[in-house]
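For the sequence shown, the numbering used here gives the first residue as 669, with consecutive numbering after it.
A virtual CB, placed ideally from N, CA and C, is assigned to each residue, including glycine.
Note that this is a predicted model, so its numbers are computed, not measured.
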Amino acid sequence: MPKSLSSSAGVQSLRILGEKSVWLEIWLSIKRFHKDRRARKHLVLVGLGIGLLLAIVAGAIAYLFMLVGTGAIFILPLVLPALWWIRRSTNREYAPLSISPQTERVDAKTEEEREGALRSYFADLALLYAVLLDRAESERFLKEKELPEGVEITARRMHLDLLKSTDLWTRISATDRNVIMMPDGHWDANRINQITTGFEPLRLLRWILRLDFRLPTIGQHLYGDFSIAHELVMNPQKVLRAHRLVDAEAVRFSRDQARTTFLRCIAEAISRGYHVPEDKTTIDWAHDLAKSLAGNQHEDILLGDNLVSEAAQNQLTWATALAKIRHEFLSRVLTILEDGQPPRAPLATIFDEQWTEETEELSEQEQAG
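Right, here's the structure in full:
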């Protein structure tokens, strides 16, 4: 394996181990070890991965001690520049002759500009979601807590200043702008609950921009955490300076995984009578699927600690909504990546669309859960 690839894999492994969702998944596998072969397989792979990482670290430390013991470490600063110069000279001498260098440079520049435009679009959208979610947290606090005398909430002012300083304010949709313009404390409970469904798009955008290296499944990450929004509000450059994008194949895989989760959850909901489709074929399909997976600890999809067949109604309903949001959002992202062009202005969140009473009800049930 080339050194650069090995180094990249090592960095990726460290990043993965540093993410909270990884350790939550490991803990879940430990709790399910006795009854789920998937959990046992997962823990074996985790053990092998950690063992390999420790072996690499131990090897690096041993090599360092060897260099110190032989005295080679003292001449290393002199040898490395020489090796770099020799390699550079060799590459230049034997570099293949390009017949059409100008065309290659133009193509490379066009591709770089296209990817840069896509990164900027997703970064701007992530920051907009972060502002809305951060405001939702502030509004919820105002609804639930009584402020001490003399204390003033300035979330609205801070968010307006942020959007204006990053040149986003004039480029976002009127719907999103009007919501942000509302005075502090004037969001009702329905609006707060509605905006918190934005956890899923923000989580996806952080993954798309490689701020978070892995994307947990719906069942591994049912409930949101306002810290993922507040972090970007306090340090917007973290997302605005993102320099990588996830590849289209990873998006396609996650989209299809979300569709599978949605179908499993909706089948369970139909089999329990929470939804009643008009056609009998769909009802029969749902009953057959739910019956085949009921209580199957090795095959059924997990929602937190529970199988779909064991989940409470509010948990099942919320997972269904999340899977639908993820599938639709990633479908749009995939279209954008394949087209190579971001959507035309204005920049708009999912809240710019017509949300039904059912979606708002699902949001309220998530908060109750």
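From the options, residue whose alpha carbon lies closest to that of residue i
| i | options | result |
| --- | --- | --- |
| N964 | V976, A987, D956 | V976 |
| W953 | S841, E779, A935 | A935 |
| Q925 | R755, P749, H995 | H995 |
| R808 | D856, H966, T950 | D856 |
| D704 | E967, G972, A1013, N858 | E967 |
| F997 | L716, L872, L732, K832 | L872 |
| V901 | Y942, L796, T1003 | L796 |
| P851 | H702, Y731, P869, L810 | L810 |
| A892 | Q905, D835, E868 | Rather than Ala, the amino acid found at residue 892 in this sequence is Gly. Considering only alpha carbons, the answer is E868. |
| L800 | E978, L786, S960, I860 | I860 |
| I1018 | T864, G887, T949 | T864 |
| Q659 | M849, S788, V725, S960 | Outside the shown range of the chain (669 to 1037) lies residue 659, about which nothing can therefore be said. |
| H827 | E812, A804, E814 | A804 |
| V907 | L716, L786, K709 | L786 |
| V919 | A979, Q888, A707, L877 | L877 |
| G784 | P1010, P1014, I729 | P1010 |
| T778 | A979, A1013, G1008 | G1008 |
| T928 | A916, L970, A798, A730 | L970 |
| R708 | I698, L716, G717 | I698 |
| L870 | P1014, A798, V944 | A798 |
| E899 | T985, A794, D835 | A794 |
| R839 | D792, L720, S806 | D792 |
| T834 | G853, T822, R909 | R909 |
| S806 | V736, A979, L1015, F894 | F894 |
| D973 | M734, A728, I886, L722 | I886 |
Spatial neighbours of residue i in its chain, beta-carbon cut-off 7 angstroms, leaving aside the 5 residues before and after
| i | result |
| --- | --- |
| T988 | F930, C933, I934, A937 |
| S939 | A954, H955, A958 |
| R923 | H995, L998, S999, L1002 |
| L830 | V799, V901, P904 |
| A962 | S977 |
| R825 | none |
Exposure of residue i, with buried meaning 16 or more beta-carbon neighbours within 10 Å
| i | result |
| --- | --- |
| D802 | buried |
| T738 | exposed |
| P749 | exposed |
| W695 | exposed |
| E780 | exposed |
| H702 | exposed |
| L990 | buried |
| F647 | The question about residue 647 has no answer here: the residues shown for the chain are numbered 669 through 1037. |
| K813 | exposed |
| S676 | Confidence at S676 is low in this model, with a pLDDT of 45, below 50, so its placement is unreliable and the value that follows should be read with caution. Classification for S676: exposed. |
| K992 | buried |
| T822 | exposed |
| V847 | buried |
| T985 | buried |
| I896 | buried |
| G866 | buried |
| L913 | buried |
| A728 | exposed |
Continuous alpha helix (DSSP H) stretch holding residue i: start and end
| i | result |
| --- | --- |
| I951 | 948–961 |
| I938 | 916–940 |
| A842 | 842–849 |
| Q981 | 981–1007 |
| N861 | 857–863 |
| W875 | 867–876 |
| R825 | 823–833 |
| I896 | 895–902 |
| K703 | Note, K703: premise wrong, no alpha helix (DSSP H); not H, not E. |
| V907 | 905–908 |
Cβ neighbours of residue i in the same chain (closer than 6 angstroms, five flanking residues each side left out)
| i | result |
| --- | --- |
| R874 | D880 |
| Q640 | The question about residue 640 has no answer, for the chain in this structure spans 669 to 1037. |
| A1013 | R839 |
| L711 | S697 |
| G853 | L810 |
| L713 | none |
Same chain, Cβ closer than 8 angstroms to residue i, five either side skipped, listed in chain order
| i | result |
| --- | --- |
| D1020 | S841, T843, D844 |
| W1023 | For W1023, the pLDDT reaches just 44, beneath the cut-off of 50, and the residue's location in the model is therefore unreliable, leaving the point undetermined. |
| W837 | L828, L831, R845 |
| I1004 | L786, Y789, P1010, P1011 |
Chain D contact for residue i (CB, 8 angstroms cutoff)
| i | result |
| --- | --- |
| R859 | Chain labels in this structure do not include chain D; a single protein chain is all it has. |
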